[in-house]
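Residue numbers (my numbering), protein chains in the order written: chain Z, 649 to 817; chain A, 649 to 817; chain X, 649 to 817; chain F, 649 to 817.
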């Protein structure tokens, strides 16, 4: 059960960048591990933490196409704010699980975006999130038109089919 | 600033396992990104979250040498509990930073381990943690001798030099 | 601005129980403070944390009518699980804000409950949550009929009017 | 086990302010409840969360003597930053526990403070924290002398006896 060789050797190399996920079709996928910090006394991932997982995935999705949220705040005086979020919990993730957040953009408006995010484990979909994001000026006071370049970046992940998801939700 | 080519292409591949860090000498290194969830209204990483980063790193360090905490609980009726923790905050990590937790074992006792963990950014060390871990039976009631195999796994990361760390702490 | 007298004196007394909120009509209200841990680098409460606030409020609502989740797990082999959650973010809460979660039950089914929760500050409603809770057996594997006593307790907070809430959501 | 009368009636009144703790001698005490969000899959409070509990208590301790951290940032261009923290974990807190953080100031320097914080449950002390706080200018770049009024406020909680604490720590 406990072996010093094998897997350890395989990762015995420098890895300068934090893990950034990958693209499959129009979908961005970010694998992650469930740690103690994510779980609760019910033995499962605490329900609010799926929103954290989803936000990590949106951040890396944007980075992978060159959009860094710190930079767009400086360059365009723009920030993204979550306007609404719906989560459907299908099955619980557990400690030590390897999970993956799969993200796609379903609607790109002038000053808002709608994003679908599914949390997967190898045995199926665990949770489904629909997140509406607004673009605001950096003080957060009023809506702001998304810069062309940000819209173009988001289009990389746009998908019209919402029907690929699990179940009748 | 925003480019659809380049980096995106580079990661355009399947990545089945969550990121697991790497070994350098006797040190285990886990790179990670700072997300919104980690920061606070001061604009920096909330101080308690360095303990989360450190725990992620200890978990992956054990996994890389084949020790899965869920399994050892089942196989040996054993769990690890943090007995004490000292954190020294040198410089704050910020949103979007790429950081790395560097972990080494400084003392392996019969039923306890002492671990040193430094959080690095490319411009230097941000925080230093000393964590004392106890092995308990799975109900958490009494100390338990570490199985031989777990001790052997931890020895992979044992290092006698505590003097490599930054500053006079 | 800084005064040693006054408010300090007013609270200079023993307070054995943690704060438990209060009932107004059919509504349960739990006041709380926004701390650094709740905020993010945007200077506002991190969006996932409204789900934590709401869960605290549901816990105290049940306690106030004698339902302790640890006990019902033991006595009835029952646990509550969040099935779905919708959050609408209207205005951000900020560091040091005094806020209040106002909770009412909108539907009590045989094995599920629907709960509406609004987060208020003195200048208005900040966020609105709709939470669907399922009753499961304690292993979380299958739905379970709510005990009569728990149903009765929930009825204390049942309200048919969903129309009191802010805006057109 | 489930009763609609009694405790519910007792709290059936408006409570405009969030709970703010109380003073006993030179000690500030903040009672709080352990919720699901605080626990982990080990069934106990996640070790990093004791730092959150302690920070809530320091915030309320300052508020009770009129020091509001948002205000001092504006008025004095000053912020408090945690420089180091040592936590000793004695016994775990569990879901639904009523706990209390007891805080006292052990050293007030020109630009720093040392604070001792114990987390109690009715059966004894669960954790002990020693926290060193620095006063910085609001950009966090350099140490700043504490204003007279803040020093005076902290003196309210100064205590020379560190020997009252549990155990040999």
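Ideal placement from N, C-alpha and C gives every residue a C-beta, glycine not left out.
- For residue 698(A), the enclosing alpha helix (DSSP H) starts and ends at 697-712.
- Proximity of residue 743(A) to chain X, defined by a Cβ-Cβ separation below 8 Å, is satisfied.
- For the beta strand (DSSP E) assignment, the uninterrupted runs of no fewer than 3 residues enclosed by the region 713-748 of chain A are, from N- to C-terminal side, 726-737.
- Chain-ordered, the chain X residues with CB closer than 8 Å to the CB of residue 736(Z) read 731, 732.
- Against residue 700(Z), the close residues of chain A are 685, in the order they occur along the chain (beta-carbon pairs closer than 7 Å).
- Between the alpha carbons of residue 792(Z) and residue 680(F) lies a gap of roughly 41 Å.
- Under the 8 Å criterion on CB atoms, residue 746(X) is classed as interfacial with respect to chain F.
- Boundaries around residue 800(F) are those of the alpha helix (DSSP H), 796-803, since no beta strand (DSSP E) includes it.
- For residue 696(A), at least one C-beta of chain F is nearer than 8 Å to its own C-beta.
- Proximity of residue 678(A) to chain F, defined by a Cβ-Cβ separation below 8 Å, is not satisfied.
- Here the region 696-703 of chain F does not lie against the region 690-708 of chain X, with fewer than 3 beta-carbon pairs under 8 Å apart.
- Residues of the same chain with a CB within less than 7 Å of the CB of residue 668(A), apart from the 5 flanking positions on each side, are 708, 711, 712 in chain order.
- The continuous stretches of beta strand (DSSP E) do not include residue 687(Z), and DSSP gives it neither H nor E.
- No Cβ of chain A is located within less than 8 Å of the beta carbon of residue 789(Z).
- One thing to note: residue 775(F) has its Cβ no nearer than 8 Å to the Cβ of residue 748(F).
- Each of 741(F), 779(F), 720(F) was checked against the Cα of residue 705(F), and the nearest Cα belongs to 779(F).
- The alpha carbon of residue 772(F) has as its nearest neighbour, out of 733(F), 783(F), 750(F), 806(F), the alpha carbon of 750(F).
- At least one CB atom of chain A sits nearer than 8 Å to the CB of residue 690(F).
- CA-CA distance, residue 714(F) to residue 801(X), rounds to 40 Å.
- For residue 789(A), there is no enclosing beta strand (DSSP E), as DSSP gives it neither H nor E.
- Against chain F, the CB of residue 675(X) has no partner CB under 8 Å away; the residue lies outside that interface.
- Excluding sequence positions up to five before and after residue 729(A), its CB lies within less than 6 Å of the CB of 782, 784, all in the same chain and listed in chain order.
- For residue 710(X), the nearest beta carbon of chain Z is not closer than 8 Å to its own beta carbon.
- Rounded to whole angstroms, the Cβ separation of residue 721(Z) and residue 787(Z) is 11 Å, and the two are not in contact under 8 Å.
- Residue 766(X): member of the beta strand (DSSP E) spanning 760-769, first to last residue.
- Below the 7 Å Cβ cutoff, chain X contributes 679, 746 as neighbours of residue 665(F), in chain order.
- Under a 10 Å Cβ-count criterion, residue 745(Z) is classified as buried, with 16 or more other Cβ atoms of the shown protein chains found around its own Cβ.
- Assignment of residue 675(Z) by DSSP, reduced to helix, strand and coil, places it in the strand class.
- Annotated three-state conformation of residue 694(Z) is coil, per DSSP.
- Beta-bridge partners assigned by DSSP to residue 774(Z): none are found.
- Note that the C-beta distance between residue 688(F) and residue 685(Z) is below 8 Å.
- Assigned with DSSP and collapsed to three states, residue 806(F) falls in strand.
- Residue 703(F) and residue 733(F) have their C-alpha atoms some 11 Å from each other.
- 727: these are the residues of the region 718-729 of chain X whose beta carbon lies less than 7 Å from some beta carbon of chain Z, given in chain order.
- By alpha-carbon distance to residue 789(Z), the top candidate from 755(X), 717(X), 757(X), 740(X) is 740(X).
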